[in-house]
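A.B. asks: Residue numbers (the working numbering): 5 to 442. First, the structure itself, so that you have it in front of you.
Here it is, written out as structure tokens:
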């Protein structure tokens, strides 16, 4: 209160000092909440839950079809050699057809190409069931299963959507790619178990029927979410994904060798121990470790490809050492630890695919990477099988360890091994737009 001349002036104290301390903790709590849930923020974006639900439904059969076909053909025709040859033909056809399907998706849009391609693949699965059931000639089995190669790369299409939505946020994009890799591991862990259960408990064709139904349902749900679909541009597409990814494809190939050989070595080792029935559970532990590591990696700062492959090379020696002790529990623990190195490696390598693939051809680039992995799985399975026959199951664990060392040599001598956060897409910061380079 003050007096100026004949006027009495009453002034109130400013409330700011009193409320500022109370407001500061609230602001800190809000900031902490924003920092604590990267996955919660990821799925708060409009439309992401819808296409992710369809993605997971359609992705689960990817781990079902091979096991279902083997059990169905072997059960009806009594020949594992025929079953293996049919599935191998399907993989070979996929290596040729999948990149072409992905190129059409990039050029014409996901919904326009993925739905008819899925329908063709489902018809191929139904044809395989009919041919096996009716005793049709063996060549019809090969032809039917080869038709399923038109199945779109649902994981690649989902990653393309995340890349489109999060091109202004490298950190959120890293989290999304980690989630996608964890989803891969989860589906390839649950898919074979579900297929074996359906074929064994119900009837031999149940796994293939269920896989076809899930694939079609999931793809329809996924493609119905049009708002998150990457736009198709009429601009001419320059550059070749095959040429751009040339230095990375050998790394994906050798990583596939790691996966394929580790699976065969583990199945053979457990069979020699008289625990063949537990092989699915033990292999699931490796996938579970990779899934957990992928989700954790999504909350962390991205590492360089060299660092991830180095960890892979070190941890892939653990199953070999554990198998030499003859202890199954030790082998199970070693497989969990080895699996924890695979997801960060794949997330980082896929981020390099995003950075190097020419604009407008992302689905094709990712499909080339997946095709290289599948080819490596076939090589790894055959190599480990040969070693099992010649030197025993313990020695077979040397194959994934050696393949991981080769992958490390490729990463150390190759190009594009920077952290995946650096990409060609425009990145927005608090100071305004800028462009980062790979």
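Just so you know, even glycine gets a beta-carbon here, dropped at the ideal spot from N, CA and C.
Taking Cβ positions, are residue 355 and residue 181 nearer each other than 8 Å?
C.D. replies: It is a contact, given that the beta carbons lie within the stated cut-off.
A.B. asks: Inspect the CB distances between the stretch 400-409 and the stretch 261-271 and report whether three or more fall short of 8 Å.
C.D. replies: Verdict: yes, contact present.
A.B. asks: With the cut-off set at 8 Å, would you say residue 348 and residue 297 are in Cβ contact?
C.D. replies: Yes, the pair counts as a contact, with Cβ atoms nearer than the cut-off.
A.B. asks: Roughly how far, in whole angstroms, is the beta-carbon of residue 225 from the beta-carbon of residue 58, given that I think they are within contact range, below 8 Å?
C.D. replies: Right, their Cβ atoms sit about 3 Å apart.
A.B. asks: I believe residue 53 touches residue 191 by the beta-carbon criterion, under 8 Å. Please report the beta-carbon distance rounded to the nearest angstrom.
C.D. replies: The Cβ separation is near 17 Å, so there is no contact.
A.B. asks: Pop quiz: residue 122 and residue 219 are said to be a contact at Cβ under 8 Å. What is the actual Cβ separation, rounded to whole angstroms?
C.D. replies: At roughly 6 Å, the Cβ-Cβ gap stays under 8 Å, so residue 122 and residue 219 are in contact.
A.B. asks: For a test of the three-state rule: what should DSSP assign to residue 233, helix, strand or coil?
C.D. replies: Three-state DSSP puts residue 233 in coil, outside helix and strand.
A.B. asks: Among residues of its own chain, excluding the 5 on either side of residue 249, which ones have a beta-carbon nearer than 8 Å to its beta-carbon?
C.D. replies: 357, 360, 361, 369, 372, 373, listed in sequence order.
A.B. asks: Considering only residues of the stretch 47-79, which uninterrupted alpha helix (DSSP H) runs meet the minimum length of 4 residues and lie entirely inside it, listed in chain order?
C.D. replies: The qualifying runs are 52-63.
A.B. asks: Measure the CB-CB distance between residue 133 and residue 206 and report whether it falls below 8 Å.
C.D. replies: In this structure, residue 206 does not lie closer than 8 Å to residue 133 by Cβ.
A.B. asks: Suppose you measure from the CA of residue 272 to the CA of residue 202; what does that come to, to the nearest Å?
C.D. replies: Computed Cα separation, rounded: 24 Å.
A.B. asks: Going by Cα to Cα distance, which pick from 344, 388, 413, 115 is closest to residue 189?
C.D. replies: Selected option, being the one with the closest Cα: 344.
A.B. asks: In whole angstroms, what separates the C-alpha of residue 29 from that of residue 415?
C.D. replies: Here the model assigns residue 29 a pLDDT of 47, short of 50, so the residue's position is not dependable, and the following value carries that caveat. Cα to Cα, the separation comes out at about 46 Å.
A.B. asks: What is the DSSP secondary structure of residue 162, reduced to helix, strand or coil?
C.D. replies: In this structure, residue 162 counts as helix in the three-state DSSP scheme.
A.B. asks: Which residue marks the beginning of the alpha helix (DSSP H) containing residue 157, and which one marks its end?
C.D. replies: Taken as a continuous stretch (DSSP letters only), residue 157 belongs to no alpha helix (DSSP H), as it is neither H nor E.
A.B. asks: Sort 351, 328, 346, 303 by Cα distance to residue 290 and report the nearest one.
C.D. replies: For residue 290, the nearest C-alpha among the options comes from 346.
A.B. asks: Could you tell me if residue 143 is buried or exposed, where buried requires 16 or more neighbouring beta carbons within 10 angstroms of its beta carbon?
C.D. replies: Residue 143 is exposed by the Cβ-count criterion.
A.B. asks: Taking only beta-carbon positions, decide if residue 185 is within less than 8 Å of chain D.
C.D. replies: Structure shown: chain D not included; a single protein chain is present.
A.B. asks: Thinking just about the alpha-carbon of each residue, which of 48, 378, 153, 131 is nearest to the one in residue 118?
C.D. replies: Cα-wise, what sits closest to residue 118 is 153.
A.B. asks: Between residue 341 and the rest of its own chain, which residues show a CB-CB distance below 8 Å, the 5 nearest in sequence each way excluded?
C.D. replies: Counting only Cβ-Cβ distances below 8 Å, and skipping sequence neighbours, we find 293, 319, 322.
A.B. asks: Quick check on DSSP: helix, strand or coil for residue 83?
C.D. replies: Coil.
A.B. asks: Using the beta-carbon count (16 or more within 10 Å), is residue 138 buried or exposed?
C.D. replies: Exposed: under 16 other Cβ atoms inside 10 Å.
A.B. asks: Since residue 287 and residue 380 are thought to touch, with beta carbons under 8 Å apart, how far apart are those beta carbons, to the nearest angstrom?
C.D. replies: No, residue 287 and residue 380 are not in contact; Cβ-Cβ is about 17 Å, not under 8 Å.
A.B. asks: Once you ignore the five residues that flank residue 234 on each side, which residues in its own chain have a CB closer than 6 Å to its CB?
C.D. replies: These residues qualify, in order along the chain: 164, 168.
A.B. asks: With distances taken from CA atoms, which of 388, 276, 236 is nearest residue 111?
C.D. replies: For residue 111, the nearest C-alpha among the options comes from 236.
A.B. asks: Mind checking whether residue 159 and residue 184 have CB atoms under 8 Å apart?
C.D. replies: Contact flag set, yes.
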